[in-house]
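Visitor: Take a look at the following structure, please.
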Amino acid sequence: MSNNDRGSWSSRFGFVVAAAGSAIGLGNIWKFPYITYENDGGAFVLVYLLCIVAIGIPIMTAEMLIGRKTQKNAVGAFKELGGNKWKIVGGLGVVTGFVLLSYYSVIAGWTLEYFFKSVSGSFNGLSEQEVGNQFGTFVTNPFKQVFWHGLFMSLTVFVIMGGVAKGIERVTKILMPVLLGIFVILLIQSLQTGGAGKALTFLFRPNFSELTFDSVLEAVGHSFFTLSLGMGTIITYGSYMRKGDSLPKSALIVSGLDTCIAMVACMVIYPIIFSFDLVPTKSAGILFTTLPVIFVKMPGGTFFAPLFFALVAFAALTSTISLLEVVVSYFVDEFKWERKKATAGTGFLIFMLGILSALSNGAHQGLSNLNIIGKTSTVGFFNTFDYLVSNWMLPIGGLLIAVFVGWILQSSVKEEEFHDGEQTFFKYNHWNFLLRFVSPVAVAIIIIAVIFGREFQ
Ligand code: PHE
Numbered sequence: 001m002s003n004n005d006r007g008s009w010s011s012r013f014g015f016v017v018a019a020a021g022s023a024i025g026l027g028n029i030w031k032f033p034y035i036t037y038e039n040d041g042g043a044f045v046l047v048y049l050l051c052i053v054a055i056g057i058p059i060m061t062a063e064m065l066i067g068r069k070t071q072k073n074a075v076g077a078f079k080e081l082g083g084n085k086w087k088i089v090g091g092l093g094v095v096t097g098f099v100l101l102s103y104y105s106v107i108a109g110w111t112l113e114y115f116f117k118s119v120s121g122s123f124n125g126l127s128e129q130e131v132g133n134q135f136g137t138f139v140t141n142p143f144k145q146v147f148w149h150g151l152f153m154s155l156t157v158f159v160i161m162g163g164v165a166k167g168i169e170r171v172t173k174i175l176m177p178v179l180l181g182i183f184v185i186l187l188i189q190s191l192q193t194g195g196a197g198k199a200l201t202f203l204f205r206p207n208f209s210e211l212t213f214d215s216v217l218e219a220v221g222h223s224f225f226t227l228s229l230g231m232g233t234i235i236t237y238g239s240y241m242r243k244g245d246s247l248p249k250s251a252l253i254v255s256g257l258d259t260c261i262a263m264v265a266c267m268v269i270y271p272i273i274f275s276f277d278l279v280p281t282k283s284a285g286i287l288f289t290t291l292p293v294i295f296v297k298m299p300g301g302t303f304f305a306p307l308f309f310a311l312v313a314f315a316a317l318t319s320t321i322s323l324l325e326v327v328v329s330y331f332v333d334e335f336k337w338e339r340k341k342a343t344a345g346t347g348f349l350i351f352m353l354g355i356l357s358a359l360s361n362g363a364h365q366g367l368s369n370l371n372i373i374g375k376t377s378t379v380g381f382f383n384t385f386d387y388l389v390s391n392w393m394l395p396i397g398g399l400l401i402a403v404f405v406g407w408i409l410q411s412s413v414k415e416e417e418f419h420d421g422e423q424t425f426f427k428y429n430h431w432n433f434l435l436r437f438v439s440p441v442a443v444a445i446i447i448i449a450v451i452f453g454r455e456f457q
């Protein structure tokens, strides 16, 4: 199969928009605000930013490089550059994508339910307690959980069937600007609530006495998750990139946008919470239990609530399609499956696997199980999958990618790809240094710490 049959982005910006769409997702809007809240802001944010610069950007550039150089899926790319031994890293990525998508799509489905709930005004007049109970009833309703998860997977399959330029690129090019627009409206609205000062202080005043080793670990893990790194997503999207498009520039733009959106998400959510003096007891539920209450009290809330949940759903969709594409491109490239067949088949299997996660919320304690997504708990499929993916599979994948590109791949190949296209202040030597010495060492320390942390618990 020639490269033309695989598809490619139709324009220079196609890649950047699609990669930004992949990066910006539930990780930014749902996960980052709540883990930052749990970790007391300031110092945690600073560590997270450091991780983006020292680990995230170098590994993202490395993934783009592998993809664009080989124009292949994650497995094929590693096989071409590193032989059968390294092919396993790509394989690990495909498996990770499969598992990650299965539970990600469950939460993504929640945003659809909450969109329709807020459109029909079903939060009107409810107290915080009642909204919380409603959430509890919802996550324990097996029919609804499977239904919304199935619907979200179907949407994802539908986009991926359209192919690279006509499916992924077309949809993300429409959704991303809409998303940015909605965010600006919400930001303006939220800054008027009077809690902006408190929110800014919380986010940017570092209090190092609050910083624990665990929060550092969480920041590293999250930098992989939020930038879609460690499982070949960026390799796959990079494989549809054209020669002449700058790798360092694209990596800087994508990570910059992703980081801005995470910060803006906090600046949308925190001022509302602070100005209403609401201290979320279960912080993982901020999005689904606290915000609806606030939207009801807020002027124009009936308009902003659906807008907000639509935004989260869009952001999630541009991420789920990138997860499915990793799996689909593997079957299309390596087994010469027809795209539609590969998409329908793998999409269905992922849906089936996700049912385990969709139902695991109900099998336990309902509302008190809001912590289901908490990294330390490993009860239920949902937790176990997220724990395995976030703490193990993504960091290990990222470490291996850094080692491969940093130490194994020939310098001539690296230099040629890096220098193809516009150059920035982020030079080859900076990148190579970070990739060889900083990223792998930092990640290895984290992995070792996780292993010891577990033993000593
Ligand atoms: N980056 C996405 C988010 O923040 C999640 C994701 C992880 C997508 C890995 C693809 C690959 O929501």
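In the numbering used here, the protein residues as written are 1 to 457. Where is the CB? At the ideal position from N, CA and C, for every residue including glycine.
Measure the alpha-carbon distance for L307 versus S127 and round it to whole angstroms.
Guide: 21 angstroms
Visitor: What's the gap between the Cα of Y103 and the Cα of D386?
Guide: 8 angstroms
Visitor: What is the rounded straight-line gap between the Cα of V264 and the Cα of T226?
Guide: Going by the C-alpha atoms only, they are around 14 angstroms apart.
Visitor: Using 8 angstroms as the threshold, is the C-beta distance between K336 and L65 below it?
Guide: Against a cut-off of 8 angstroms, the Cβ pair of L65 and K336 comes out as no contact.
Visitor: Quick one: what's got a C-beta closer than 6 angstroms to E417's C-beta in the same chain, skipping five residues either side?
Guide: The answer, listed in chain order, is L65 and K69.
Visitor: For N383 and F123, I'd like the C-alpha separation in whole angstroms.
Guide: 28 angstroms
Visitor: Taking the Cβ atom as the reference point for each residue, do K218 and N39 lie within a distance shorter than 8 angstroms?
Guide: The sequence shown places Glu at residue 218, not Lys. Cβ atoms of E218 and N39: closer than 8 angstroms.
Visitor: To which residues of the same chain is A62 closer than 7 angstroms at the C-beta, ignoring the five residues directly before and after it?
Guide: I401, A402, V405 and L435
Visitor: Specify whether the segment 98-115 and the segment 77-89 touch according to this definition: at least 3 beta carbon pairs, one from each stretch, less than 8 angstroms apart.
Guide: no
Visitor: Entirely within the segment 3-85 and at least 4 residues each: give me those alpha helix (DSSP H) ranges in chain order.
Guide: 3-6, 12-23, 32-38, 42-51 and 57-70
Visitor: Can you say whether R339 is buried or exposed, counting buried as having 16 or more other CB atoms within 10 angstroms of its CB?
Guide: buried
Visitor: Assign K144 to one of three DSSP states: helix, strand, or coil.
Guide: DSSP, read as helix, strand or coil, puts K144 in helix.
Visitor: For the segment 47-63 against the segment 308-328, do three or more pairs of beta-carbon atoms, one drawn from each stretch, fall closer than 8 angstroms, so that the two count as touching?
Guide: no
Visitor: Hey, would you say F202 sits closer than 8 angstroms to G27, going by beta carbons?
Guide: no
Visitor: Cβ atoms of A310 and M267: under 8 angstroms apart, would you say?
Guide: no
Visitor: Please say whether N73 and T236 have beta carbons closer to each other than 8 angstroms?
Guide: yes
Visitor: Hey, how far is the Cα of F15 from the Cα of E422?
Guide: If you take the alpha carbons of F15 and E422, they lie about 15 angstroms apart.
Visitor: Could you tell me the distance, in whole angstroms, from the CA atom of L175 to the CA atom of T343?
Guide: Each residue's Cα considered, the two are about 21 angstroms apart.
Visitor: Could you check where the alpha helix (DSSP H) with L317 kicks off and where it finishes?
Guide: Judged by DSSP secondary structure, L317 falls within the alpha helix (DSSP H) whose first and last residues are G301 to F335.
Visitor: With H, G and I counted as helix, E and B as strand and the rest as coil, what does DSSP make of S120?
Guide: coil
Visitor: May I ask which residues mark the beginning and end of the alpha helix (DSSP H) holding M263?
Guide: Looking at the DSSP string, the run of the alpha helix (DSSP H) that includes M263 is L247 to S275.
Visitor: In the DSSP assignment, find the alpha helix (DSSP H) that holds K340 and state where it starts and stops.
Guide: R339 to S360
Visitor: To the nearest angstrom, report how far apart R205 and T233 are at their CA atoms.
Guide: 34 angstroms
Visitor: Look at the Cβ atom of P271, then the Cβ atom of L191, and state whether they are nearer than 8 angstroms.
Guide: yes
Visitor: Give every residue of the same chain whose Cβ lies closer than 7 angstroms to the Cβ of I29, excluding the five residues on either side of it in the sequence, and list them in chain order.
Guide: A265, V312 and A315
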